[in-house]
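Colleague: Provided herewith is a single structure, encoded as structure tokens, for subsequent inquiry.
Numbering (our numbering), first residue to last: 622 to 1100.
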């Protein structure tokens, strides 16, 4: 068992904010000259003990921060609006990038002092919002900071980062707007039948039938949800919804196709990406009125109300929201928050020149953050799209899909030993497949099984093009 010490403290930072810092330290005999920063998820800047413990396995001191939110369970939305109509910019800047940076700099110095060490490898690991937080450090602290100190991190293991927060928060409303626009809200069971049909139809496109859609790009090119029209569905009472049975309607298939296609404005120009075929339709889940026995579209409007309207409310009518409205909200958010939570600075030259390495992984069936529209492969950066995986975790509907368990170890080996991760090791954690240990191709190469046990990593241009859409609805580039 790894022995460790736990240290926490606070210091006064910008304005009147107090920031709590929390570090876990391996015992001196198990310290291996490493420090690890961790992040949060959703509107939380910390994942607490869950991520802190991950550093101990690698002999690393680990750190996290509450961002000055007033406690470990506090969310950004609890503190960002001191009053309606007013954003607390100190809090937002803390969330955007500053608190992770301060926690890291203090943690690095504290670790060196505690272990009387003159050198230190520094790493970052997190998923979702925590992934965005990691990229905020790589993008921001690499020029003047690098001249004096080198890059802030030697390496980072980043999963499903919430890049372009003003875009990806608004896209969560897109499915509900598709339903209101089409004047039809399918019951969850009907949408689940379409998803199951999609998985069945697209399963073998990677050359192997195993219950996993390993090529959602080919699925996008070759499959249409209209194939599900007439398919029977039946579901028991669950999660506040009544038992349901029937057949998939043309309206539901049309809604599924529009969701998969992504957001387009009234002139047919694409504004943003959506989820890959075979992902859950969780954003399209309706509400149910037991009095009228009707389903109706519903969605979380927290981002729009808090950050665009600056009102602490969860109430917002979807009735008058159009696709152009969603596009305009994205553009408004990009303008207002480009320096805090957009996190898309494209020039990472300093990080690369300083020797920094990044392994970026993302579930192909992620139902929270769309996995498309990432940068091209570079020498210091590897992107791995995980077949069948959901948001920062395996998918319950594609249990034979692998999921990486040791991404940080691969980053460490790349940084310290020069072992380039051409493929990423992953493990099947459930399901019935016999090959529990698999590898994932480095993008833009994609998996193809020439037989049941032999996978090749291949490239084809048509599939690649589906991952890099032209977001031409905006008057300026969207990085």
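Beta carbons are placed, not taken as given, at the ideal position from N, Cα and C, and that holds for glycine.
Identify which residue in 924, 1051, 712 has its Cα closest to the Cα of residue 955.
Modeller: Out of 924, 1051, 712, 924 has the C-alpha closest to the C-alpha of residue 955.
Colleague: Note down, in chain order, each residue of its chain lying with its Cβ closer than 7 Å to the Cβ of residue 927, except the 5 sequence neighbours on either side.
Modeller: Hits under 7 Å: 698, 701, 702, 933.
Colleague: May I ask you to report which of helix, strand or coil DSSP gives residue 925?
Modeller: Residue 925: helix per DSSP, three-state reduction.
Colleague: Hey, would you say residue 763 sits closer than 8 Å to residue 971, going by beta carbons?
Modeller: Going by C-beta atoms, residue 763 is nearer than 8 Å to residue 971.
Colleague: Have a look at residue 985 and residue 1056 and give me their C-alpha separation to the nearest angstrom.
Modeller: So the alpha carbons of these two residues sit roughly 20 Å apart.
Colleague: Alpha carbon to alpha carbon, what distance is there between residue 651 and residue 803?
Modeller: Rounded to the nearest angstrom, the two C-alpha atoms are 60 Å apart.
Colleague: So, are the CB atoms of residue 1002 and residue 981 less than 8 Å apart?
Modeller: Yes.
Colleague: Output yes or no for whether 8 Å exceeds the beta carbon distance between residue 849 and residue 882.
Modeller: No, they are not a contact pair.
Colleague: Quick check on the DSSP output: the beta strand (DSSP E) that includes residue 724 runs from which residue to which?
Modeller: That residue, residue 724, is in no beta strand (DSSP E); its alpha helix (DSSP H) goes 720-736.
Colleague: Grouping DSSP H, G and I as helix and E and B as strand, with all else coil, what is residue 985?
Modeller: If DSSP states are grouped into helix, strand and coil, residue 985 belongs with coil.
Colleague: Can you tell me the Cβ-Cβ gap for residue 856 and residue 846, rounded? I've got them flagged as a contact below 8 Å.
Modeller: Wrong, their Cβ atoms sit about 18 Å apart, outside the cutoff.
Colleague: So does the stretch 908-917 actually touch the stretch 879-895, counting three or more Cβ pairs closer than 8 Å?
Modeller: Because the criterion of three Cβ pairs below 8 Å is not met, the stretch 908-917 and the stretch 879-895 do not touch.
Colleague: Reducing DSSP to helix, strand and coil, say where residue 951 ends up.
Modeller: Three-state result, residue 951: helix.
Colleague: Three Cβ pairs or more, each shorter than 8 Å: is that satisfied between the stretch 782-795 and the stretch 882-902?
Modeller: As far as the Cβ criterion goes, the stretch 782-795 touches the stretch 882-902, which means the pair count is three or higher.
Colleague: With DSSP as the reference, please indicate the residues paired to residue 1068 in a beta bridge.
Modeller: Answer by DSSP bridge pairing, in chain order: 1078.
Colleague: Spell out a yes or no on whether the stretch 704-721 and the stretch 669-683 are touching, meaning 3 or more CB-CB pairs, one atom from each, closer than 8 Å.
Modeller: The answer is no - the stretch 669-683 does not touch the stretch 704-721, with fewer than three Cβ pairs under 8 Å.
Colleague: Who are the Cβ neighbours of residue 574 in its own chain at under 6 Å, not counting the five residues just before and after it?
Modeller: For residue 574 there is no data in the structure shown, the boundaries of the chain being 622 and 1100.
Colleague: Can you name, in chain order, every residue of its own chain whose Cβ lies under 6 Å from the Cβ of residue 1083, other than the five neighbours on each side?
Modeller: Within the same chain, residue 1083 has no close Cβ partners at all.
Colleague: Under a Cβ-count criterion, where at least 16 other Cβ atoms within 10 Å of its own Cβ denotes burial, should residue 640 be classed as buried or exposed?
Modeller: With 16 or more other Cβ atoms within 10 Å, it is buried.
Colleague: Among residues of its own chain, excluding the 5 on either side of residue 717, which ones have a beta-carbon nearer than 7 Å to its beta-carbon?
Modeller: Around residue 717: 757, 961, 962.
Colleague: Using C-beta distances below 8 Å, list every residue in its chain close to residue 966, excluding the 5 sequence neighbours before and after it, in chain order.
Modeller: Excluding sequence neighbours, residue 966 sits near 760, 761, 1100.
Colleague: In chain order, which alpha helix (DSSP H) runs of at least 4 residues are fully inside the stretch 969-1029?
Modeller: Qualifying alpha helix (DSSP H) stretches, in chain order: 970-974.
Colleague: Use the C-beta contact count for residue 1039: other C-beta atoms within 10 angstroms, 16 or more gives buried, fewer gives exposed.
Modeller: Exposed.
Colleague: What is the DSSP secondary structure of residue 816, counted as helix, strand or coil?
Modeller: Reduced to three states, the DSSP call for residue 816 is helix.
Colleague: Alpha helix (DSSP H) containing residue 700: first to last residue?
Modeller: Counting along the chain, the alpha helix (DSSP H) containing residue 700 begins and ends at 697-700.
Colleague: Could you tell me which residues DSSP pairs with residue 779 in its beta bridges?
Modeller: Answer by DSSP bridge pairing, in chain order: 747, 981.
Colleague: Buried or exposed: residue 688, going by 16 or more other Cβ atoms within 10 Å of its Cβ?
Modeller: Buried: at least 16 other Cβ atoms inside 10 Å.
Colleague: With 16 other CB atoms within 10 Å as the buried threshold, where does residue 1021 fall?
Modeller: Buried is the call here.
Colleague: State the start and end residues of the unbroken beta strand (DSSP E) segment that holds residue 1049.
Modeller: Residue 1049 -> beta strand (DSSP E) spans 1044-1049.
Colleague: Grab the span of the alpha helix (DSSP H) containing residue 1058 for me, first residue to last.
Modeller: Where residue 1058 is concerned, there is no enclosing alpha helix (DSSP H), although the beta strand (DSSP E) it sits in stretches over 1058-1062.
Colleague: Just to confirm, are residue 958 and residue 786 a CB contact at a threshold of 8 Å?
Modeller: Going by C-beta atoms, residue 958 is nearer than 8 Å to residue 786.
Colleague: Identify every run of the beta strand (DSSP E) within the stretch 850-896, keeping only runs that are complete inside it and at least 3 residues long; order them along the chain.
Modeller: 853-856, 865-868, 891-893, all fully within the stretch 850-896.
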